[in-house]
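Input: a single structure, listed below in C-alpha coordinates.
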Amino acid sequence: MESNLAITALGALAQTTRLETFRLLVRHEPDGVPAGELARLLDVPQNTMSAHLATLARAGLVKSERRSRSIIYRADLEGLRDLTLFLVKDCCGGSTELCAPLIAELTPCCAPEARA
(Lines of atoms letter the chains of each structure in order from A and count residues from 1; the text may use other names and numbers.)
(Lines give C-alpha, C1' and ligand atoms only; values in the text may rest on other atoms or scores of the structure.)
Protein backbone atom coordinates (compact mmCIF):
# COMPACT_ATOMS: atom_id res chain seq x y z
CA MET A 1 0.00 0.00 0.00
CA GLU A 2 1.23 3.47 -0.81
CA SER A 3 1.28 6.28 1.74
CA ASN A 4 -1.32 8.31 -0.17
CA LEU A 5 -3.86 5.48 -0.05
CA ALA A 6 -3.16 4.92 3.66
CA ILE A 7 -3.70 8.63 4.32
CA THR A 8 -6.97 8.52 2.36
CA ALA A 9 -8.17 5.47 4.32
CA LEU A 10 -7.22 6.94 7.69
CA GLY A 11 -8.85 10.23 6.73
CA ALA A 12 -12.03 8.41 5.75
CA LEU A 13 -12.15 6.74 9.16
CA ALA A 14 -11.39 9.99 10.98
CA GLN A 15 -15.05 11.01 10.99
CA THR A 16 -17.59 9.64 13.47
CA THR A 17 -20.32 8.50 11.07
CA ARG A 18 -17.88 6.86 8.66
CA LEU A 19 -16.07 5.09 11.49
CA GLU A 20 -19.38 3.82 12.92
CA THR A 21 -20.48 2.76 9.44
CA PHE A 22 -17.29 0.83 8.82
CA ARG A 23 -17.46 -0.88 12.22
CA LEU A 24 -21.09 -1.83 11.58
CA LEU A 25 -20.16 -3.31 8.21
CA VAL A 26 -17.33 -5.30 9.79
CA ARG A 27 -19.82 -6.75 12.29
CA HIS A 28 -22.11 -7.78 9.42
CA GLU A 29 -19.48 -9.58 7.36
CA PRO A 30 -19.85 -11.47 5.09
CA ASP A 31 -23.52 -10.65 4.38
CA GLY A 32 -23.28 -6.88 4.20
CA VAL A 33 -26.02 -4.32 4.82
CA PRO A 34 -28.27 -2.46 2.37
CA ALA A 35 -27.52 1.26 2.14
CA GLY A 36 -30.96 2.26 3.42
CA GLU A 37 -30.62 -0.03 6.41
CA LEU A 38 -27.22 1.49 7.25
CA ALA A 39 -28.80 4.94 7.23
CA ARG A 40 -31.64 3.73 9.45
CA LEU A 41 -29.38 1.90 11.91
CA LEU A 42 -27.11 4.92 12.32
CA ASP A 43 -29.95 7.47 12.18
CA VAL A 44 -28.38 9.34 9.27
CA PRO A 45 -30.25 10.79 6.27
CA GLN A 46 -29.90 8.51 3.23
CA ASN A 47 -28.21 11.15 1.07
CA THR A 48 -25.68 11.82 3.83
CA MET A 49 -25.03 8.09 4.22
CA SER A 50 -24.51 7.83 0.48
CA ALA A 51 -21.79 10.49 0.63
CA HIS A 52 -20.10 8.71 3.56
CA LEU A 53 -20.20 5.37 1.75
CA ALA A 54 -18.67 6.95 -1.35
CA THR A 55 -15.81 8.30 0.76
CA LEU A 56 -15.20 4.88 2.32
CA ALA A 57 -15.33 3.22 -1.11
CA ARG A 58 -12.77 5.65 -2.57
CA ALA A 59 -10.55 4.83 0.41
CA GLY A 60 -10.74 1.12 -0.39
CA LEU A 61 -12.58 0.26 2.82
CA VAL A 62 -16.01 -0.78 1.51
CA LYS A 63 -17.38 -2.62 -1.51
CA SER A 64 -20.86 -2.54 -2.93
CA GLU A 65 -22.93 -4.82 -5.08
CA ARG A 66 -26.39 -4.48 -6.52
CA ARG A 67 -28.90 -7.13 -5.49
CA SER A 68 -32.19 -6.58 -7.21
CA ARG A 69 -33.23 -3.05 -6.21
CA SER A 70 -30.84 -2.75 -3.28
CA ILE A 71 -27.19 -1.86 -3.05
CA ILE A 72 -25.49 -4.01 -0.44
CA TYR A 73 -22.38 -2.63 1.22
CA ARG A 74 -19.66 -4.78 2.77
CA ALA A 75 -16.45 -3.99 4.57
CA ASP A 76 -13.44 -4.56 2.35
CA LEU A 77 -11.45 -6.72 4.75
CA GLU A 78 -8.54 -6.96 2.34
CA GLY A 79 -8.33 -3.16 2.30
CA LEU A 80 -8.40 -3.14 6.11
CA ARG A 81 -5.71 -5.82 6.19
CA ASP A 82 -3.53 -3.87 3.77
CA LEU A 83 -3.91 -0.69 5.84
CA THR A 84 -3.10 -2.46 9.09
CA LEU A 85 -0.09 -4.23 7.63
CA PHE A 86 1.12 -0.92 6.18
CA LEU A 87 0.95 0.60 9.66
CA VAL A 88 2.90 -2.22 11.34
CA LYS A 89 5.22 -3.14 8.47
CA ASP A 90 8.33 -1.59 10.00
CA CYS A 91 7.37 -1.94 13.65
CA CYS A 92 9.67 -3.00 16.43
CA GLY A 93 12.85 -1.81 14.74
CA GLY A 94 12.87 -4.69 12.32
CA SER A 95 12.31 -7.35 14.97
CA THR A 96 9.45 -9.02 13.15
CA GLU A 97 9.02 -11.65 15.87
CA LEU A 98 7.65 -8.91 18.15
CA CYS A 99 4.89 -8.09 15.66
CA ALA A 100 4.23 -11.71 14.66
CA PRO A 101 1.37 -12.18 17.17
CA LEU A 102 -0.45 -9.10 15.84
CA ILE A 103 0.02 -10.11 12.22
CA ALA A 104 -1.04 -13.70 12.99
CA GLU A 105 -4.20 -12.44 14.67
CA LEU A 106 -5.08 -10.33 11.63
CA THR A 107 -4.47 -13.11 9.12
CA PRO A 108 -7.38 -15.50 9.91
CA CYS A 109 -10.18 -12.95 9.52
CA CYS A 110 -8.77 -11.08 6.57
CA ALA A 111 -7.04 -13.74 4.48
CA PRO A 112 -8.80 -14.43 1.17
CA GLU A 113 -9.03 -18.16 1.97
CA ALA A 114 -10.81 -17.38 5.27
CA ARG A 115 -13.55 -15.52 3.40
CA ALA A 116 -14.12 -18.26 0.81
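In this note's numbering, the protein residues as written are -2 to 113.
We treat Cβ as the ideally placed atom computed from N, Cα and C, and that holds for glycine.
Given the structure is predicted, the values throughout are model-derived calculations rather than measurements.
Supposed contact pair residue j and residue i - C-beta distance, whole angstroms, cut 8 Å
i	j	result
Thr5	Ala48	The pair is not a contact, with the Cβ atoms about 15 Å apart (cut-off 8 Å).
Pro27	Ala36	21 Å between Cβ atoms; not a contact.
Ile68	Ala32	5 Å
Thr18	Leu2	Thr18 to Leu2, Cβ: 19 Å. No contact.
DSSP three-state assignment for residue i, whether helix, strand or coil
i	result
Thr93	helix
Val59	strand
Ala32	helix
Ser67	strand
Ala54	helix
Arg11	Sequence inspection shows Ala at residue 11; the Arg mentioned does not correspond to that position. In the structure shown, Ala11 sits in coil (DSSP, three-state: anything other than H, G, I, E or B).
Ile4	helix
Beta-carbon proximity check, residue i vs residue j, cutoff 9 Å
i	j	result
Leu7	Leu80	yes
Arg71	Val85	no
Met46	Thr13	no
Arg82	Val23	Arg is not the amino acid found at residue 82; the sequence shown has Leu there. It is not a contact, given that the beta carbons lie outside the stated cut-off.
Glu(-1)	Gly29	no
- May I ask you to verify whether the segment 89 to 100 touches the segment 48 to 57, counting CB pairs closer than 8 Å and requiring at least 3? no
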